[in-house]
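*Asks:* Numbering (this note's numbering), first residue to last: 158 to 485. The structure is given below, and queries will be raised subsequently.
Here's what the structure looks like:
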């Protein structure tokens, strides 16, 4: 059943950790770049992950050119998700949500992939619409900080989700084909073309001005890498990504410097995946353009995003109304 003895140990350990009667809750996130399983310690106000593993499948690689999912990524995703399903069953996961995002949503063969996956794994896969993905990203930020106010930007491999947040709820939203894999395919290293493409997609969104003087919340793996690099370059003493905050002036100085890092410097960074390097300049450019257009007072990096938003959305109202800091 399991691919390794380590998987067996993981399942046993998770069951032991939830022996107080809380049934674990799982989310499989089929992203454009990676496929991730997170298992949480039951339904409580703050999601407590017991297990968190991702595998880079790059389903969205080449999508801009071919219109189809990456064939090698599809094969790997089937293997990975089959194993993840085995783990969730052994862990006694009570509720499992399997969510697919931009690559599966936009690919010509996305529906075929979903149908085969559902048949192989005997699981229901929910392909999120762009508006749903944006809403869940906003709810993830609100899960951790109910007072969040400004614009949430979630950068993935296949898309960029933008959504305003205020008064504890999401507002205007958009999903744009500006994920780092998709951008890389579209511009093939031409950064002038990349900026023009980014600006063309952002220009019609006049509601982004609602974030002026507020906060820009940066969500997604590419921007977590940017946060790690900012912490390293600035000598910031606390190596915690969630809620790492920069003023606009600080961001304006640090982020261009991050974009110019060479491979040798990048590879010395602890906790930074070398697979992110080819997309770093694009991730920083999207962030710089958002900062220039929105003009927030602060940039806040959030590790809470779509998965936590899904957790929060299914939470009973009696828990949602609790203060997350006090409840934790």
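Note that beta-carbon positions come from the ideal geometry of N, C-alpha and C, so glycine has one too.
With a threshold of 7 Å (Cβ to nearest heavy atom), would residue 281 be considered close to the ligand MN?
*Replies:* Looking at this structure, you won't find the ligand MN or any other ligand, since it has none at all.
*Asks:* Using a Cβ-Cβ cutoff of less than 6 Å, which residues in the same chain neighbour residue 386 once the five nearest sequence positions on both sides are dropped?
*Replies:* Contacts found: 415.
*Asks:* My parser needs the alpha helix (DSSP H) runs of 4 or more residues fully inside the segment 321 to 406; what are they?
*Replies:* Runs found: 337 to 344, 348 to 359, 378 to 391.
*Asks:* What span of residues does the beta strand (DSSP E) with residue 210 cover, start to end?
*Replies:* 206 to 213 is the extent of the beta strand (DSSP E) around residue 210.
*Asks:* Check the C-beta distance from residue 192 over to residue 231 and give it rounded, since I have them as a contact under 8 Å.
*Replies:* Residue 192 to residue 231, Cβ: 11 Å. No contact.
*Asks:* With 16 other CB atoms within 10 Å as the buried threshold, where does residue 347 fall?
*Replies:* By the 10 Å Cβ count, residue 347 comes out exposed.
*Asks:* Which of helix, strand or coil does DSSP assign to residue 159?
*Replies:* Bear in mind that the predicted position of residue 159 carries a pLDDT of just 47, short of 50, making it too unreliable to give a figure here.
*Asks:* Using the C-alpha atoms, what's the distance from residue 265 back to residue 233?
*Replies:* Their backbone Cα atoms lie some 19 Å apart in a straight line.
*Asks:* What is the rounded straight-line gap between the Cα of residue 211 and the Cα of residue 458?
*Replies:* Looking at the two C-alpha atoms, the distance is approximately 20 Å.
*Asks:* Per DSSP, which one or two residues make a beta bridge with residue 197?
*Replies:* In the DSSP output, where bridge partners are listed per residue, residue 197 has 182, 206.
*Asks:* Within 10 angstroms of the Cβ of residue 444, are there 16 or more other Cβ atoms? Answer buried if so, exposed if not.
*Replies:* So residue 444 counts as buried.
*Asks:* On the DSSP letters alone, give me the boundaries of the alpha helix (DSSP H) that residue 288 sits inside.
*Replies:* Run containing residue 288: 287 to 301, per the alpha helix (DSSP H) assignment.
*Asks:* What whole-angstrom Cβ distance do residue 217 and residue 259 have, given they're in contact under 8 Å?
*Replies:* Right, their Cβ atoms sit about 7 Å apart.
*Asks:* With 16 as the cutoff for other CB atoms within 10 Å, does residue 111 come out buried or exposed?
*Replies:* Lying before the first or after the last residue shown, residue 111 is absent from the chain, which here runs from 158 to 485.
*Asks:* Taking the Cβ atom as the reference point for each residue, do residue 201 and residue 251 lie within a distance shorter than 8 Å?
*Replies:* The answer is no: Cβ separation not under 8 Å.
*Asks:* Would you identify the three-state DSSP class for residue 264, choosing helix, strand or coil?
*Replies:* Residue 264 falls in the coil class under three-state DSSP.
*Asks:* Out of curiosity, what's the CA-to-CA distance linking residue 383 and residue 441?
*Replies:* Roughly 7 Å separates the two Cα atoms.
*Asks:* Would DSSP call residue 316 helix, strand or coil?
*Replies:* Reduced to three states, the DSSP call for residue 316 is coil.
*Asks:* Give a yes or no on whether the C-beta atoms belonging to residue 393 and residue 305 are separated by under 8 Å.
*Replies:* No, they are not a contact pair.
*Asks:* Comparing C-alpha positions only, which one of 291, 235, 300 sits nearest to residue 482?
*Replies:* Of 291, 235, 300, the residue nearest in Cα terms is 300.
*Asks:* Please state the DSSP three-state secondary structure of residue 177.
*Replies:* Any reading at residue 177 is ruled out, since the residue's pLDDT is 49, under 50, leaving its predicted position unreliable.
*Asks:* Apart from the five residues on each side of it in sequence, which residues of its chain come closer than 7 Å, Cβ to Cβ, to residue 351?
*Replies:* Result list for residue 351: 340, 344, 439, 442, in chain order.
*Asks:* Below 8 Å, how does it come out for the segment 390 to 410 and the segment 473 to 480: are there three or more Cβ pairs, yes or no?
*Replies:* Contact fails: fewer than three Cβ-Cβ distances are below 8 Å.
*Asks:* Assuming residue 274 contacts residue 235 (C-beta within less than 8 Å), just tell me the rounded distance between them.
*Replies:* Rounded, the Cβ-Cβ distance is 7 Å, consistent with contact.
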